[in-house]
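Asker: Those protein sequences? They're chains A and B, same order as listed. Numbering follows my numbering, with no gaps: position 76 of the first sequence is 76. Count along the second sequence from 1, add 1000, and you get the number used in my numbering.
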Amino acid sequence: MNNNEILPRLNEVFRDVFGDSSLSVNENTTSADIEDWDSLEHINLIAAVENEFGLRFKMREVSGMKNVGEMLAIIAERGK
Amino acid sequence: MRELNFPFDGKDIIRRRLALRKQLLADGCVRVKKRIAVLGGSTTNHIVSALELFLLNFGIEPEFYLSEYNKFYEDAVFGNPELDSFDPDVIYIHTTSRNLTMLPESPAETAETVEHKLNDQFAYFKQVWDSLKQHFSCPVIQNNFELPLFRRTGSYDGWSTAGHAAFIQRMNVMLLDYARNTRGLYIHDINYLSAVCGLANWHDAEAWYLYKYAMSTNVIPDFAYSLACIIKSIYGKNHKVIDLDLDNTLWGGVIGDDGQEGIEIGQETAVGQAFSEFQSFIKGYKDYGVLLAVCSKNDEENALLGLNHPCGVLKSTDFVSIKANWEPKDRNIAETAADLSLGLDSFVFIDDNPAECAIIEGQLPMVQTINLSTVHEAMYKLTRSGFFEVTAVSDDDMHRSEMYAANAQRAAQLRSFESYEDYLLSLDMHAVICGFEPVYIQRITQLTNKSNQFNLTTRRYSEDEIQKVSTSPDHICICGRLLDKFGDNGIVSVVIGKCRDKELDIELWLMSCRVLKRDMELAMLDELVRRAKDKGITRINGFYYKTHKNSMVAELYSSFGFTLDKKLDNGDSEWHLDIEGYENKNKVIKIRDKENPE
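1. With DSSP as the reference, please indicate the residues paired to Val1090/B in a beta bridge.
2. List the residues of chain B that Gly54/A touches, going by C-beta distances under 7 Å, in chain order.
3. On the three-pair Cβ rule with 8 Å, is the segment 1461 to 1474 of chain B touching the segment 1551 to 1568 of chain B?
4. Using the beta-carbon of each residue, which ones in chain A are nearer than 7 Å to Tyr1209/B?
5. Cβ of Leu1060/B within 8 Å of Cβ of Tyr1235/B?
6. Could you tell me the alpha carbon to alpha carbon distance between Glu1598/B and Glu1527/B, rounded to whole angstroms?
7. Closer than 6 Å by C-beta to Asn1596/B: which residues in its own chain qualify, once you throw out the five before and the five after it? Chain order, please.
8. Tell me whether the beta-carbon of Glu1465/B lies closer than 8 Å to the beta-carbon of Ile1441/B.
9. Would a C-beta distance cut-off of 8 Å place Val1128/B and Val1241/B closer than the cut-off?
10. Return yes when the C-beta of Ile43/A is under 7 Å from any heavy atom of the ligand FMN, and no when it is not.
11. When DSSP builds the beta bridges, which residues end up paired with Pro1007/B?
12. Between Val68/A and chain B, is there a C-beta pair that is closer than 8 Å?
13. Out of Ser21/A, Phe57/A, Glu52/A, Ile34/A, point me to the one whose CA is closest to Arg9/A's CA.
14. In chain order, which beta strand (DSSP E) runs of at least 3 residues are fully inside the segment 1329 to 1402 of chain B?
15. Does Ser1042/B pass the burial test, meaning 16 or more other C-beta atoms within 10 Å, or should it be called exposed?
16. Where in the segment 1531 to 1593 of chain B do unbroken runs of the alpha helix (DSSP H), each at least 4 residues long, occur, reported from the N-terminal end onward?
17. Would Lys1218/B pass as a contact of Asn1201/B if the rule is Cβ separation under 8 Å?
18. How would you call Cys1138/B, buried or exposed, if buried means at least 16 neighbouring beta carbons within 10 angstroms?
19. In chain B, what lies closer than 8 Å to Ala48/A by C-beta?
20. What are the partner residues of Phe1150/B, as DSSP defines its beta bridges?
21. Can you list, in chain order, the residues of the segment 14 to 35 of chain A whose Cβ is nearer than 8 Å to any Cβ on chain B?
22. For a test of the three-state rule: what should DSSP assign to Gly1158/B, helix, strand or coil?
23. Can you name the residues of chain A whose CB is closer than 8 Å to the CB of Ala1019/B?
24. Using alpha carbons as the reference points, say which of Ala1523/B, Gly1266/B, Met1174/B lies closest to His1309/B.
25. Closer than 6 Å by C-beta to Phe1278/B: which residues in its own chain qualify, once you throw out the five before and the five after it? Chain order, please.
26. For Asn1005/B and Ser1385/B, I'd like the C-alpha separation in whole angstroms.
27. Cα separation between Ala1205/B and Ser22/A?
28. Just to confirm my understanding: we take Glu27/A, look at its own chain, exclude 5 residues before and 5 after, and list those with CB closer than 8 Å. What are they?
29. Would DSSP call Cys1029/B helix, strand or coil?
30. What residues of chain A sit near Lys1022/B, judged by a beta carbon separation below 9 Å?
31. Does the CB of Thr1609/B have a neighbour CB from chain A at under 8 Å?
32. Leaving out five residues before and five after Gly1435/B in sequence, what residues of the same chain have Cβ atoms less than 6 Å from its Cβ?
33. Below 8 Å, how does it come out for the segment 1009 to 1017 of chain B and the segment 1175 to 1193 of chain B: are there three or more Cβ pairs, yes or no?
34. CB-CB under 7 Å to Asp1222/B, same chain, minus the five flanking residues each way: which ones, in chain order?
35. Does the beta-carbon of Tyr1213/B have 16 or more other beta-carbons within 10 angstroms, so that it is buried, or is it exposed?
36. Leaving out five residues before and five after Lys1286/B in sequence, what residues of the same chain have Cβ atoms less than 7 Å from its Cβ?
Printed below as a string of structure tokens:
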């Protein structure tokens, strides 16, 4: 899967989880860019992304992801 | 909201939580507010956010206090000013097998040391409950313990002296023995829930390492739903009626076509056995106070023929209402609701025909439906839906069905009397009106939480609050039980007044709708006035707080001869009655002094 296929689906997940239909993420988006992206919402986000793309993040990935770009790379590699 | 009814899509709920929450809060429903303290032995945030959705959907608006991470023991035993000022209505202790600190460590441990550990571990939790009970008089909900996923020794782990699964199961038995004998302590059975979800789905070690979650995020909605069912049950928000279709729902086949000998029920065929099991399962609900009704497109004669099949478990007398006709089912359900003086939101409708279920969902959205494709699926949905989650069983529950059936008989008799008073006199009614005796406390609490229509102030009380006012010298508390020639209606009316010098403020006046128009309210007023005079009271003040369900009592005080003092724009009103020279109003109910029947 390439980023053009993934990004729109991922964007929908972000909009649902953060309850903001105007949200638009790109590779450089970080938790600092989204007001409600704290450690608690991160857990919901991870669960929702895992369910959307049918994959499981590794523990090191969950705690180490720095931006949406890194998330995209993992999804591109293992997502469905 | 249908998305939040069982069976729900847990993954969707996790993802769209914020949107669902917004939608619920904007739907204009009137909800009771409850403060819920969550004392956690692991991270509780996501359980709480899912719990909030389900409670809102059950008509409860929660406010939460969350203990610091894994501080359930400290908060409970040593106290916490923040928790004190929160003043919880319910306390939920979120612990799991992760919080068992005294599990056996080696097969070398003797039965005695393991026994010691078990007792110490139990004492640790008991300390939590006892101390909460002392500080807060409110219900406490405690999880039991789920089995571990990993077993070093296989089945042996489940029965050996030092086995962890064995230890956990013994703990669970100690827990339930204690809870059964402790008022206000409720067990949330996560041992069942984890089994039904599957231990391999339930446990997620990584979620523990990453977030200190005691279970997988994917089962959190199931978890929160099951917990929400206990809370709504404590606050009397259960459903009350199962309204059933007949053909291919209570038996196999179509009675009108196949005839009594043609339908399948009983032990002769596999299909017959399945429907027999279903009938037994449904019949069992009666003993818990659930009412059964029939809503079927059939000639009544045929419906009765089917219900009186010699191999049937359910008989026509098990139902408080049988609507067998060719009218639309939504109309029949609405009529049944009116006949029983119950709200449509107390109904669960079961039908094998998906089209009938869809019509009900469209026409009567407050009715819950179960589309029966197989009887076992329907039994599973009834089980998991929590519509009839039980938190207490009163004597009344066991006899509710008979009382409603007696009501139907009374209605039949009414037709043959000259005047209504003649009819009332013929009922040979007796009332026992007394203070809040200990045996009635549970029933009184139940009534304060579920009476909506004949309820002047709709004030809700916990069991402990009822206990408190029952012995308070500043309150006059009376409850009334009504008996007549058809049976005992049980405790049907509750009045609480608070004394202020020579005045009495009526804080609560409610009556069960099953005794409407029997003059029981007059008997209650007579007794209230008598007790007030004994206390030197000269004036009684009444209050009517309007809700969307209690318009039937808007003029109750006026009918009693009270004077209107104030009427507000929102429909609330205040009244008073000077009781000097008061003459008893009840003429049709004989008052018994003593509890024991004549």
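The beta-carbon is built from N, C-alpha and C at its ideal position, and this holds for glycine as well.
Answerer: A quick look at the data gives this:
1. To locate residue 1090/B, count along the second sequence from 1; it is residue 90. Its beta-bridge partners are Ile1036/B.
2. Position 54 of the first sequence, counted from the start, is the residue given in the question as residue 54/A. Those do not exist, as Gly54/A stays about 11 Å from chain B at its closest Cβ, beyond 7 Å.
3. no
4. Locating residue 1209/B in the second sequence gives position 209, where the first residue counts as 1. Those within 7 Å of Tyr1209/B in chain A are Met59.
5. For this step, residue 1060/B is matched to residue 60 along the second sequence. For this step, residue 1235/B is matched to residue 235 along the second sequence. Checking the sequence shown, residue 1060/B turns out to be Ile, not Leu. Contact flag set, yes.
6. Stepping through the second sequence from its first residue, residue 1598/B is reached at position 598. Stepping through the second sequence from its first residue, residue 1527/B is reached at position 527. Per-residue confidence for Glu1598/B stands at a pLDDT of 38, beneath the threshold of 50, marking its modelled position as unreliable; the derived number appears in the next sentence. Taking the straight line joining both Cα atoms gives about 21 Å.
7. Residue numbering aside, residue 1596/B sits at position 596 when the second sequence is read from its first letter. A caution first: Asn1596/B carries a pLDDT of 45, below 50, which makes its placement in the model unreliable, though a value can still be read off. Correct list: empty, nothing qualifies.
8. Taking the second sequence and counting its residues from 1, the one referred to as residue 1465/B is at position 465. Taking the second sequence and counting its residues from 1, the one referred to as residue 1441/B is at position 441. Result no, Cβ atoms of Glu1465/B and Ile1441/B do not sit closer than 8 Å.
9. On the second sequence, position 128 is the one that residue 1128/B refers to. On the second sequence, position 241 is the one that residue 1241/B refers to. Result no, Cβ atoms of Val1128/B and Val1241/B do not sit closer than 8 Å.
10. Ligands are entirely absent from the displayed structure, and the ligand FMN is therefore not among its contents.
11. Counting from one through the second sequence, the residue named residue 1007/B turns up at place 7. Answer is none; Pro1007/B lacks a bridge partner.
12. Taking the first residue of the first sequence as position 1, residue 68/A is located at position 68. Answer no: the Cβ-Cβ gap between Val68/A and chain B never drops below 8 Å.
13. Your numbering for residue 9/A matches position 9 in the first sequence. Closest option to Arg9/A, Cα to Cα, is Glu52/A.
14. 1347 to 1351, 1368 to 1371
15. Indexing the second sequence from 1 puts residue 1042/B at position 42. Flag for Ser1042/B reads buried.
16. 1556 to 1559
17. Counting from one through the second sequence, the residue named residue 1218/B turns up at place 218. Counting from one through the second sequence, the residue named residue 1201/B turns up at place 201. For the sequence presented, residue 1218/B should be read as Asn rather than Lys. For Asn1218/B and Asn1201/B, yes; Cβs fall inside 8 Å.
18. One-based indexing of the second sequence puts residue 1138/B at position 138. Classification of Cys1138/B: buried, given that the 10 Å Cβ count is 16 or more.
19. As a position in the first sequence, residue 48/A is number 48, starting the count at 1. Under the 8 Å cutoff, chain B gives Lys1011, Ile1014, Arg1015.
20. Translated into the one-based positions of the second sequence, residue 1150/B becomes position 150. In the DSSP output, where bridge partners are listed per residue, Phe1150/B has none listed.
21. Asp16, Val17, Phe18, Gly19
22. The residue labelled residue 1158/B in the question sits at position 158 within the second sequence. Here Gly1158/B sits in helix by DSSP.
23. Counting from 1 along the second sequence, the entry for residue 1019/B is found at position 19. Residues of chain A passing the Cβ test: Asp16, Gly19.
24. As a working note, residue 1309/B is residue 309 in the second sequence. Out of Ala1523/B, Gly1266/B, Met1174/B, Gly1266/B has the C-alpha closest to the C-alpha of His1309/B.
25. Taking the first residue of the second sequence as 1, we reach residue 1278/B at position 278. For Phe1278/B, where only same-chain residues beyond five positions count, the Cβ hits under 6 Å are Val1375.
26. In the second sequence, counting from the first residue as 1, residue 1005/B sits at position 5. In the second sequence, counting from the first residue as 1, residue 1385/B sits at position 385. Taking the straight line from one Cα to the other gives about 7 Å.
27. Numbered from its first residue, the second sequence carries residue 1205/B at position 205. Numbered from its first residue, the first sequence carries residue 22/A at position 22. In a straight line, the C-alpha of Ala1205/B is about 35 Å away from that of Ser22/A.
28. Mapped onto the first sequence, residue 27/A falls at position 27. Excluding residues within five positions, the ones whose Cβ falls inside 8 Å are Asn3, Asn67, Val68, Gly69, Leu72.
29. To locate residue 1029/B, count along the second sequence from 1; it is residue 29. Three-state DSSP puts Cys1029/B in coil, outside helix and strand.
30. Here residue 1022/B refers to the residue found at position 22 when the second sequence is read from its first residue. Those are Gly19, listed as they occur along chain A.
31. Outside the displayed span of chain B (1001 to 1598) sits residue 1609/B, for which this structure offers no information.
32. Locating residue 1435/B in the second sequence gives position 435, where the first residue counts as 1. Once the five neighbours on either side are set aside, the close Cβ partners of Gly1435/B are Cys1477.
33. no
34. As a first step, residue 1222/B is located in the second sequence; it is residue number 222 there, counting from the start. For Asp1222/B, where only same-chain residues beyond five positions count, the Cβ hits under 7 Å are Gly1010, Leu1193, Cys1197.
35. For the purposes of this step, residue 1213/B is identified with residue 213 of the second sequence, where counting begins at 1. Per the 10 Å Cβ criterion, buried.
36. For the purposes of this step, residue 1286/B is identified with residue 286 of the second sequence, where counting begins at 1. Here the set comprises Leu1292, Asp1318, Ser1401.
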